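Colleague: Numbering (our numbering), first residue to last: 1109 to 1482.
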Ligand code: AMP
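Next up, the structure:
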């Protein structure tokens, strides 16, 4: 298949901040853009050339996006197979629906990892509390869980019987005592070529990513093993586009795969400004069939997520970000702030990054105090 020519339209299933940033990168490469989302003021629909309003799970809406596009991609793996297949029947879609089918269900993803020999924590299927083998244990919904939603830690049988999580089918996972959480972001092109970014180190709060730094503070040996796992996973899946592999680093140096996201990823936001090619441009390059760009870092980088909680006292006091060298604030254009909703992030690239990693909480506290009154 020939590369998508500049001037042609890249259509994106999903209209959140990930879609918005893919669209902006695609525009810089000379493409026209389209995106599909149920909300006409969604982050991506605000910036694309052709906004298509409709549900991403609706096959008819997906067909409307396909009709307006020359090539399709997605910002998010939790899209109904019917919509994915409807879109892919009209225009080329990367990554392929078959990749999404493996990843979107935690059980099929874990079975895939097991079959291919990737290390992961013990797990099993859990239709009810009776299927849990021991406590403590983590229970996650098979489908539609993200950002800590649809998952719960169970410390006892009482916890397990006192939850509605089993209203949909679940998996259980053995609790991992990790030293660090890391992720590898890579892109795999249509011809199978792979470009890997420096390993990122992640801090989560309440199951939601809080901050990322890159490069991760890990040994070269761990970094090399993490990269190898991520490359092999992309190859085994036959993935095309950017993907993220989240891993736990254990005290003995062992790595376990936590989960795969077959798309641009929050822990790769540091690449925007932090690397020669952002993950968003890289994704557009991979799916459009262009040569992949350099993943070299411009300097050490830190990314901090700004959640809706920070808006509790009104608009954050943005002056709390003043004077930090190499700091960039990126707001996603969301009209309403809710607790836990990803509203914006900032990155610090260069010499000030190491200090920012330590001071992020202080900075968030200052931002959340609300607007300065004169
Ligand atoms: P997930 O949505 O599966 O990535 O889970 C969100 C976060 O919950 C992870 O990044 C970890 O911080 C934590 N977590 C998930 N699964 C486990 C586990 N099996 N053991 C320990 N922590 C976990």
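Glycine is no exception: its CB is placed at the ideal position from the N, C-alpha and C atoms. Quantities reported herein were computed from a predicted structural model and do not represent experimental measurements.
Is the beta carbon of residue 1381 closer than 7 Å to that of residue 1320?
Modeller: no
Colleague: Would you call residue 1228 buried or exposed, if buried means 16 or more other Cβ atoms sit within 10 Å of its Cβ?
Modeller: buried
Colleague: The beta strand (DSSP E) spanning residue 1383 covers which residue range?
Modeller: Taken as a continuous stretch (DSSP letters only), residue 1383 belongs to no beta strand (DSSP E), as it is neither H nor E.
Colleague: Count the other CB atoms, across all protein chains shown, that sit within 10 Å of the CB of residue 1242; report buried if there are 16 or more and exposed otherwise.
Modeller: exposed
Colleague: So, with DSSP's three-state summary, where would you put residue 1145?
Modeller: Residue 1145: strand per DSSP, three-state reduction.
Colleague: With a floor of 3 residues, list each beta strand (DSSP E) that falls wholly inside the stretch 1304–1390, ordered by position along the chain.
Modeller: 1308–1313, 1316–1322, 1349–1357, 1363–1369
Colleague: With a cut-off of 8 Å, do at least 3 Cβ pairs link the stretch 1368–1375 to the stretch 1296–1303?
Modeller: Contact fails: fewer than three Cβ-Cβ distances are below 8 Å.
Colleague: Within a Cβ cutoff of 8 Å, which residues of the same chain sit near residue 1236, ignoring the five residues on either side of it in sequence?
Modeller: 1274
Colleague: Is it the case that the CB of residue 1232 approaches a heavy atom of ligand 1 more closely than 6 Å?
Modeller: no
Colleague: In this structure, how does DSSP classify residue 1412 when only helix, strand and coil are distinguished?
Modeller: strand
Colleague: So what's residue 1453 in DSSP terms, helix, strand or just coil?
Modeller: strand
Colleague: Hey, would you say residue 1122 sits closer than 7 Å to residue 1183, going by beta carbons?
Modeller: The Cβ-Cβ distance between residue 1122 and residue 1183 falls below 7 Å.
Colleague: If I measure Cβ to Cβ from residue 1408 and keep anything under 6 Å in the same chain, skipping five residues before and after, which residues do I get?
Modeller: Scanning its chain for C-beta atoms nearer than 6 Å, with the 5 sequence neighbours on each side dropped, one finds around residue 1408 the residues 1461, in chain order.
Colleague: For ligand 1, any of its heavy atoms closer than 6 Å to the Cβ of residue 1284?
Modeller: Remark: the C-beta of residue 1284 is in contact range of ligand 1, defined as less than 6 Å to any heavy atom.
Colleague: In three-state DSSP terms, what is residue 1259?
Modeller: strand
Colleague: Hey, quick one: how far does the beta strand (DSSP E) through residue 1246 stretch, first residue to last?
Modeller: 1245–1249
Colleague: In whole angstroms, give me the CA-to-CA distance for residue 1250 and residue 1281.
Modeller: Cα to Cα, the separation comes out at about 12 Å.
Colleague: What are the boundary residues of the beta strand (DSSP E) that includes residue 1279?
Modeller: 1278–1282
Colleague: Hey, how far is the Cα of residue 1114 from the Cα of residue 1131?
Modeller: 13 Å
Colleague: Decide yes or no for the touch test of the stretch 1349–1369 against the stretch 1150–1158: beta carbon pairs closer than 8 Å, at least 3 of them.
Modeller: no
Colleague: Should residue 1451 be labelled buried (16 or more other beta-carbon atoms within 10 Å of its own) or exposed?
Modeller: buried
Colleague: Straight-line CA distance for residue 1194 to residue 1137?
Modeller: 27 Å
Colleague: Assign residue 1351 to buried or exposed, taking buried as 16 or more other Cβ atoms, counted over all protein chains shown, within 10 Å of its Cβ.
Modeller: buried
Colleague: Report all residues from its chain with a CB closer than 7 Å to the CB of residue 1271; omit the five preceding and five following residues, and keep chain order.
Modeller: Only 1260 meet the Cβ criterion.
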